[in-house]
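Visitor: Please find one structure pasted underneath; my questions will follow.
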Amino acid sequence: MSDNRFGTPPAEVHIDNALVRSLVHEQFPQYASHRVQPIGSGWDNVMMRLGTDLLVRLPRRAIAVALIEKEQRWLPELSSRLPIDVPVPIHNGRPSTDYPWPWSIVRWLPGDGADRSPPDAGEGRRLASFLSCLHQPAPAGARVNPVRGVPLATRADHLGERLERLGQTTDAVTPAVRATWRDALAASPSNERLWLHGDLHPLNVLVWQGRITGIIDWGDLTAGDVATDLAAFWMLFDAPIRERALAAYGPVDDHMRARAMGWAIPFGAMLLDTGLVDHPRHAAVGAAILRRLAHDNHP
0 MSDNRFGTPP AEVHIDNALV RSLVHEQFPQ YASHRVQPIG SGWDNVMMRL GTDLLVRLPR
60 RAIAVALIEK EQRWLPELSS RLPIDVPVPI HNGRPSTDYP WPWSIVRWLP GDGADRSPPD
120 AGEGRRLASF LSCLHQPAPA GARVNPVRGV PLATRADHLG ERLERLGQTT DAVTPAVRAT
180 WRDALAASPS NERLWLHGDL HPLNVLVWQG RITGIIDWGD LTAGDVATDL AAFWMLFDAP
240 IRERALAAYG PVDDHMRARA MGWAIPFGAM LLDTGLVDHP RHAAVGAAIL RRLAHDNHP
C-alpha cells in the first residue's frame, strides 16, 4: 500500500474478467478451464480468484510494477523460513499486447482481514515467531523502501501535515497520540538492515476461525528498522496479548518499543485520512489503531 493522501488512486489500466481469462489462456493454458472471479482491488493491484486454489494478482498502475517484481524475486526465497503462509508466486505472468506489465499467479490463502476476523490471543506469539524468522539480515541486493524501515524523522513533515488535517476533521489525534509520536522521534534510531514486511497493518493479516492463515501484500518489503513491523502488535492486539507477544519476539528495548509505537501512527493516520475520502473500511481501521495508541499512552 503506497502512501497517498488523496484516497484511492485511479487505475491506469482496465482489468476485467475477460482480460484475465485471456492472459491465463495465452500464458498458462493448464488453467484455461478455471473460473475467474473478481475479489477486489487495492491501491496497487487487482485480485482475481482463479478456480478454488489460485489467485491472480495484477498491477493496476505503473508504480506497482516494481512492487510485484519484488514479490516475485524475494518471496520464494523468504517463504521457506516463515511459519505462516505467504502468497508465493507460483507463475510469473508476462506483459502482453493487451496488458503492459508483469503479473503473478499465487496460491489462494483462506481468511479475512484481521480487522473483520480478529486473531485469537495465542496468535500474538505465532506472529512474534513469524517476525523473528523474517527479521534477518538482508542481502546487498535488497531494495530499500524510502518510506518504510527508515528513521521516523524522515516521515515527520509528511505525518505532521496529516495529523493537522485529521485534528481538524476528527477526534482521533489526541494528546496521547501526539505524545507517542514525540517519544518515537526522541528514541535512538536503528541502523540495522534487516528484512521487514513494511506494510503489516490489519488488512494484510488474514485470519480464519481465530488463526492467522496468511501475511499478504509484500510490495513494501524492504531492509531497515524492524520497528516498522513491530507496530503490528499495537495495530492488532490489546495490551496483555501484545506484551506476551513482544516477550516471545525477543529483546525489545525502550527505544525500539517507542519507535514501534511511533510507526503505528503513520499507518493509522494514513488509513484514516485516505479512508475518509473513499474507503470507510480503511477509515475504521485507522481510527481503531489511533484509539488503541491513545489508550496505551496517557501523557
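The sequence shown begins at 0 in numbering that gives the first Met the number 0 and counts up by one. For each residue, glycine too, the CB sits at the ideal point set by N, CA and C. These numbers were taken from a predicted model, which means no experiment stands behind them.
1. Does I38 come out as helix, strand or coil in the three-state DSSP assignment?
2. Whose CA, out of L245, G209, R241 and P188, lies closest to the CA of G223?
3. DSSP three-state call for I264: helix, strand or coil?
4. Run the CB neighbour count on G261, radius 10 Å, all protein chains shown included, and call it buried at 16 or more, exposed below.
5. For the alpha helix (DSSP H) that T212 lies in, which residues bound it at each end?
6. E163: buried (16+ other C-beta within 10 angstroms of its C-beta) or exposed?
7. Which residue comes first and which comes last in the beta strand (DSSP E) that contains T221?
8. Take G239 as the anchor and find which of A286, G123 and G92 has the nearest alpha-carbon.
9. If you follow the alpha helix (DSSP H) that L130 is in, where does it begin and where does it stop?
10. Quick one: is A293 buried, meaning 16 or more other Cβ sit within 10 Å of its Cβ, or exposed?
11. Hey, out of G197, H33, I38 and R20, whose CA is closest to N144's CA?
12. What alpha helix (DSSP H) runs, 4 residues minimum, are completely inside the segment 154-203?
13. In terms of alpha-carbon separation, which member of D52, T51 and D272 lies closest to Q167?
14. Indicate whether the contact test is met: 3 or more Cβ pairs, each with one atom in the segment 73-86 and one in the segment 209-219, closer than 8 Å.
15. Would the segment 110-129 and the segment 15-34 be scored as touching if the rule is three or more Cβ pairs under 8 Å?
16. Out of K69, L53, I38 and P118, point me to the one whose CA is closest to V204's CA.
17. Report yes if the CB atom of A268 is closer than 8 Å to the CB atom of L165, and no otherwise.
18. Tell me where the alpha helix (DSSP H) around I240 begins and ends.
19. Label G285 either buried or exposed according to how many other C-beta atoms from any shown protein chain fall within 10 Å of its C-beta, with 16 as the threshold for buried.
20. Beta-carbon within less than 7 Å of R59's beta-carbon, same chain only, minus the 5 sequence neighbours each way: which residues are those?
21. Between the Cα of R210 and the Cα atoms of L66, L245 and R115, which residue gives the shortest distance?
22. Exposed or buried, I89, counting other C-beta atoms within 10 Å across all chains shown (16 or more means buried)?
23. Would you kindly work out how many angstroms separate the C-alpha atoms of R161 and R181, rounded to a whole number?
24. Which residue or residues does DSSP assign as beta-bridge partners of S49?
25. Under a three-way DSSP split, which group does W233 fall into?
26. Rounded to whole angstroms, what's the CA-CA distance from V85 to A152? Just pull it up for me.
27. Take the Cβ of A244 as the centre, count every other Cβ of all protein chains shown within 10 Å, and call the residue buried at 16 or more, exposed below.
28. Excluding five sequence neighbours on each side, which residues of the same chain lie with their C-beta closer than 6 Å to the C-beta of A186?
Guide: Short version:
1. Walking along the sequence shown from the start, residue 38 turns up at place 39. Note: I38 maps to strand in three-state DSSP.
2. Your numbering for residue 223 matches position 224 in the sequence shown. Considering only alpha carbons, the answer is P188.
3. In the sequence shown, the residue the question calls residue 264 occupies position 265. Helix.
4. Against the sequence shown, residue 261 aligns to sequence position 262. Per the 10 Å Cβ criterion, buried.
5. Your numbering for residue 212 matches position 213 in the sequence shown. From DSSP, T212 is part of no alpha helix (DSSP H) but of the beta strand (DSSP E) over R210 to I214.
6. For the purposes of this step, residue 163 is taken as the residue at position 164 of the sequence shown. By the neighbour-count definition (other C-beta atoms within 10 Å, threshold 16), E163 is an exposed residue.
7. Taking the sequence shown and counting its residues from 1, one reaches residue 221 at position 222. T221 -> beta strand (DSSP E) spans T221 to G223.
8. Along the sequence shown, one-based indexing puts residue 239 at 240. Correcting the residue identity first, residue 239 is Pro in this sequence and not Gly. Considering only alpha carbons, the answer is G123.
9. Translated into positions along the sequence shown, residue 130 becomes position 131. Start and end: E122 to L133.
10. Counted from its first residue, the sequence shown places residue 293 at position 294. With 16 or more Cβ atoms within 10 Å of its Cβ, A293 is classed as buried.
11. Within the sequence shown, the letter at position 145 stands for residue 144. Considering only alpha carbons, the answer is G197.
12. Secondary structure remark: continuous alpha helix (DSSP H) runs of at least 4 residues inside the segment 154-203, in chain order: 155-168 and 174-185.
13. The count along the sequence shown starts at 1 and reaches residue 167 at position 168. Looking only at D52, T51 and D272, the smallest Cα-Cα distance to Q167 is reached by D272.
14. yes
15. no
16. Along the sequence shown, read from residue 1 onward, the residue named residue 204 stands at position 205. Closest by alpha carbon: P118.
17. Numbered from its first residue, the sequence shown carries residue 268 at position 269. Numbered from its first residue, the sequence shown carries residue 165 at position 166. It is a contact, given that the beta carbons lie within the stated cut-off.
18. Against the sequence shown, residue 240 aligns to sequence position 241. Here the alpha helix (DSSP H) through I240 covers A238 to Y248.
19. One-based indexing of the sequence shown puts residue 285 at position 286. Residue burial is scored here from C-beta neighbours: G285 has at least 16 other C-beta atoms within 10 angstroms and is therefore classed as buried.
20. Mapped onto the sequence shown, residue 59 falls at position 60. Contacts found: A10, E11, V12, I14, S40, D43, N44 and V45.
21. Position 211 of the sequence shown, counting from 1, holds the residue named residue 210. For R210, the closest C-alpha among the options L66, L245 and R115 is that of R115.
22. As a working mapping, residue 89 is identified with position 90 in the sequence shown. So I89 ends up on the exposed side.
23. Here the question's residue 161 lines up with position 162 in the sequence shown. Here the question's residue 181 lines up with position 182 in the sequence shown. Per the coordinates, the alpha-carbon of R161 lies some 15 Å from the alpha-carbon of R181.
24. Within the sequence shown, the letter at position 50 stands for residue 49. A quick correction: the sequence has Leu, not Ser, at residue 49. Its beta-bridge partners are V35 and L53.
25. The residue given as residue 233 occupies position 234 in the sequence shown. The answer is helix: DSSP assigns W233 an H, G or I state.
26. By one-based count along the sequence shown, residue 85 stands at place 86. By one-based count along the sequence shown, residue 152 stands at place 153. Approximately 31 Å between the Cα atoms of the pair.
27. Position 245 of the sequence shown, counted from the first residue, corresponds to residue 244. With 16 or more other Cβ atoms inside 10 Å of its own Cβ, A244 counts as buried.
28. In the sequence shown, counting from the first residue as 1, residue 186 sits at position 187. Exclusion of the five residues before and after A186 leaves H254, A257 and R258 as the residues of its chain whose Cβ lies within less than 6 Å of its Cβ.
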